[in-house]
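Start counting the sequence shown at 14; every next residue gets the next number (my numbering).
Virtual Cβ for every residue (Gly too), placed ideally from N, Cα, C.
Quick caveat, the model's predicted, so the values are computed rather than measured.
Notes to accompany the following structure.
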Amino acid sequence: MPMFKANMNALEKAGIRNSVIVMVGGAPVTQEYADAVGADGYAADASQTVKRAKSLLHEKRAKVPA
């Protein structure tokens, strides 16, 4: 967790941040933490992760011109 913000900064620096979806989750992580580090999504458990990942992919695909 301490390096997550650094990883997000590395994605920005590499110019690929907008090309990837970043999610965080698990016991030590909260939605507030996800917001603070700039993650696209948060899920507390595996079941929620699948639902949230599908939702984020749908949102990202909807933004891509046909």
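Quick one: residues in its chain with C-beta nearer than 7 Å to the C-beta of residue i, no 5 flanking neighbours on either side, listed in chain order?
| i | result |
| --- | --- |
| Q44 | Y55 |
Closer than 6 Å by C-beta to residue i: which residues in its own chain qualify, once you throw out the five before and the five after it? Chain order, please.
| i | result |
| --- | --- |
| V37 | A47, A52 and Y55 |
Can you give me the C-alpha to C-alpha distance between residue i and residue j, rounded to a whole angstrom?
| i | j | result |
| --- | --- | --- |
| P15 | V63 | 25 Å |
| L70 | S32 | 11 Å |
| M21 | A79 | 29 Å |
| A23 | K73 | 21 Å |
Should residue i and residue j be called a contact, given that it needs their Cβ atoms to be closer than 9 Å?
| i | j | result |
| --- | --- | --- |
| A66 | I34 | yes |
| A40 | K18 | no |
Near residue i, which residues of its chain fall below 8 Å by C-beta distance, leaving aside the five closest residues on each side in sequence?
| i | result |
| --- | --- |
| G28 | none |
| Q61 | G38 |
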